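Sequential numbering of the sequence shown, starting at 4, is according to the numbering used here. Structure first, then comments.
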Amino acid sequence: LNTAYLLSDIKNFGYQMFNGICDETTTTNIPTTIKDGTTSLMVISTPTAVRDFEAYGKCTLMVEVFVKSKARGIEDIQKMRTLQKAIFDKIDAFTRTDTNPYFIQYDPNLFYSDYDEKMGFHVSINFFDITIHKL
(Lines of atoms letter the chains of each structure in order from A and count residues from 1; the text may use other names and numbers.)
(Lines give C-alpha, C1' and ligand atoms only; values in the text may rest on other atoms or scores of the structure.)
Protein backbone atom coordinates (compact mmCIF):
# COMPACT_ATOMS: atom_id res chain seq x y z
CA LEU A 1 0.00 0.00 0.00
CA ASN A 2 1.41 3.35 -1.02
CA THR A 3 0.38 5.72 1.78
CA ALA A 4 0.35 8.62 -0.71
CA TYR A 5 -2.79 6.96 -2.09
CA LEU A 6 -4.86 7.38 1.06
CA LEU A 7 -8.00 9.32 0.14
CA SER A 8 -8.04 11.00 3.55
CA ASP A 9 -4.59 12.46 2.84
CA ILE A 10 -5.69 13.64 -0.60
CA LYS A 11 -8.75 15.35 0.93
CA ASN A 12 -6.48 16.92 3.54
CA PHE A 13 -4.24 18.21 0.73
CA GLY A 14 -7.31 19.86 -0.86
CA TYR A 15 -8.39 21.25 2.50
CA GLN A 16 -4.96 22.74 3.17
CA MET A 17 -4.83 24.22 -0.32
CA PHE A 18 -8.31 25.81 -0.37
CA ASN A 19 -9.18 26.44 3.29
CA GLY A 20 -9.84 30.10 3.95
CA ILE A 21 -11.34 30.92 0.57
CA CYS A 22 -14.91 30.48 1.85
CA ASP A 23 -16.41 31.28 5.25
CA GLU A 24 -16.46 27.54 6.06
CA THR A 25 -14.59 24.56 4.58
CA THR A 26 -15.31 20.90 5.28
CA THR A 27 -14.15 17.53 3.99
CA THR A 28 -17.36 15.73 4.82
CA ASN A 29 -20.81 16.38 3.45
CA ILE A 30 -22.77 19.59 3.20
CA PRO A 31 -23.34 20.71 6.80
CA THR A 32 -26.87 20.12 8.08
CA THR A 33 -26.73 23.47 9.89
CA ILE A 34 -24.89 26.58 8.82
CA LYS A 35 -23.71 29.32 11.16
CA ASP A 36 -25.64 32.58 10.99
CA GLY A 37 -23.94 35.05 8.69
CA THR A 38 -22.31 32.37 6.51
CA THR A 39 -22.46 33.48 2.88
CA SER A 40 -20.09 30.89 1.41
CA LEU A 41 -18.93 27.39 2.17
CA MET A 42 -16.77 24.77 0.51
CA VAL A 43 -17.02 20.98 0.57
CA ILE A 44 -13.94 19.01 -0.50
CA SER A 45 -14.24 15.32 -1.36
CA THR A 46 -12.66 12.51 -3.34
CA PRO A 47 -15.46 10.89 -5.35
CA THR A 48 -13.21 8.34 -7.06
CA ALA A 49 -10.70 5.74 -5.96
CA VAL A 50 -7.03 6.15 -6.80
CA ARG A 51 -6.01 4.43 -10.04
CA ASP A 52 -2.51 2.97 -9.71
CA PHE A 53 -0.29 3.31 -12.78
CA GLU A 54 2.83 1.81 -11.15
CA ALA A 55 4.98 4.98 -11.10
CA TYR A 56 2.09 7.29 -10.14
CA GLY A 57 -1.57 7.31 -9.16
CA LYS A 58 -4.52 9.40 -10.31
CA CYS A 59 -7.81 10.41 -8.75
CA THR A 60 -10.34 13.22 -8.76
CA LEU A 61 -10.74 15.94 -6.16
CA MET A 62 -14.19 17.51 -6.08
CA VAL A 63 -14.55 21.04 -4.72
CA GLU A 64 -18.08 22.34 -4.24
CA VAL A 65 -18.43 26.06 -3.62
CA PHE A 66 -21.73 27.25 -2.15
CA VAL A 67 -22.68 30.94 -2.26
CA LYS A 68 -25.74 32.36 -0.50
CA SER A 69 -28.29 33.66 -2.96
CA LYS A 70 -29.38 37.25 -3.06
CA ALA A 71 -33.07 38.03 -2.52
CA ARG A 72 -35.57 35.81 -4.38
CA GLY A 73 -32.92 33.19 -5.20
CA ILE A 74 -30.89 35.43 -7.51
CA GLU A 75 -27.33 34.18 -7.86
CA ASP A 76 -24.54 36.32 -6.41
CA ILE A 77 -22.47 36.02 -9.56
CA GLN A 78 -19.74 38.42 -8.44
CA LYS A 79 -19.10 36.53 -5.19
CA MET A 80 -19.09 33.17 -6.98
CA ARG A 81 -16.65 34.52 -9.58
CA THR A 82 -14.35 35.85 -6.84
CA LEU A 83 -14.29 32.50 -5.01
CA GLN A 84 -13.75 30.46 -8.19
CA LYS A 85 -10.93 32.79 -9.24
CA ALA A 86 -9.30 32.32 -5.80
CA ILE A 87 -9.36 28.54 -6.32
CA PHE A 88 -7.77 28.75 -9.76
CA ASP A 89 -5.20 31.28 -8.53
CA LYS A 90 -4.15 28.85 -5.78
CA ILE A 91 -3.81 26.04 -8.30
CA ASP A 92 -1.80 28.24 -10.67
CA ALA A 93 0.52 29.27 -7.81
CA PHE A 94 0.95 25.71 -6.50
CA THR A 95 4.39 24.19 -6.82
CA ARG A 96 5.00 20.54 -6.03
CA THR A 97 7.85 19.96 -3.59
CA ASP A 98 9.99 16.91 -2.93
CA THR A 99 7.98 16.16 0.21
CA ASN A 100 4.56 16.66 -1.39
CA PRO A 101 3.56 13.86 -3.77
CA TYR A 102 0.60 15.68 -5.38
CA PHE A 103 0.12 17.52 -8.66
CA ILE A 104 -3.19 19.28 -9.24
CA GLN A 105 -4.61 20.20 -12.63
CA TYR A 106 -7.90 21.60 -13.79
CA ASP A 107 -9.91 21.45 -16.95
CA PRO A 108 -12.13 24.54 -17.34
CA ASN A 109 -14.75 22.31 -18.99
CA LEU A 110 -15.16 20.18 -15.85
CA PHE A 111 -17.38 22.26 -13.63
CA TYR A 112 -21.09 22.44 -13.12
CA SER A 113 -23.50 24.89 -11.52
CA ASP A 114 -26.59 24.10 -9.49
CA TYR A 115 -28.96 25.64 -6.97
CA ASP A 116 -29.89 24.20 -3.59
CA GLU A 117 -33.34 25.65 -3.01
CA LYS A 118 -33.61 24.27 0.53
CA MET A 119 -30.40 26.00 1.62
CA GLY A 120 -30.79 29.06 -0.61
CA PHE A 121 -27.26 28.66 -1.97
CA HIS A 122 -25.98 28.43 -5.53
CA VAL A 123 -23.24 25.86 -6.00
CA SER A 124 -20.31 25.49 -8.35
CA ILE A 125 -19.06 21.90 -8.58
CA ASN A 126 -15.43 21.71 -9.70
CA PHE A 127 -13.45 18.57 -10.53
CA PHE A 128 -9.65 18.55 -10.42
CA ASP A 129 -7.24 15.84 -11.52
CA ILE A 130 -4.82 14.80 -8.82
CA THR A 131 -1.69 12.95 -9.86
CA ILE A 132 0.20 11.30 -7.01
CA HIS A 133 3.91 10.81 -7.58
CA LYS A 134 5.30 7.82 -5.69
CA LEU A 135 7.98 9.22 -3.40
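Glycine included, C-beta positions come from ideal geometry on N, C-alpha and C. Just so it is clear, the structure is predicted and the values come from calculations on it, not from any experiment.
What is the rounded straight-line gap between the Cα of residue i and the Cα of residue j?
i: T134; j: E27; result: 26 Å
i: Y8; j: G60; result: 7 Å
i: S72; j: S11; result: 31 Å
i: I94; j: A74; result: 32 Å
i: T42; j: V70; result: 6 Å
i: D117; j: D79; result: 13 Å
i: D92; j: T85; result: 10 Å
i: V53; j: M65; result: 13 Å
Look at residue i and residue j and say whether their C-beta atoms are less than 7 Å apart.
i: F16; j: Y115; result: no
i: I107; j: T49; result: no
i: F130; j: T63; result: yes
i: I128; j: E57; result: no
Can you tell which of the options has the C-alpha that lies nearest to the C-alpha of residue i?
i: T29; options: R99, E67, D39 and V46; result: V46
i: I37; options: H136, G123, D132 and S127; result: G123
i: E120; options: G76, N22, M65 and Q87; result: G76
i: Y18; options: K137, D39, A52 and I90; result: I90
i: N32; options: C25, G40 and L44; result: L44
i: F21; options: K88, A52 and V126; result: K88
i: N112; options: D132, D79, G23 and L86; result: D132
Going by DSSP, what residues sit across from residue i in a beta bridge?
i: I37; result: In DSSP, I37 forms no bridge with anything.
i: F114; result: N129
i: D119; result: F124
(message) Quick check for students: name the residue ranges of the alpha helix (DSSP H) that lie wholly in the segment 53-100, counting only runs of 4 or more.
(response) 80-96
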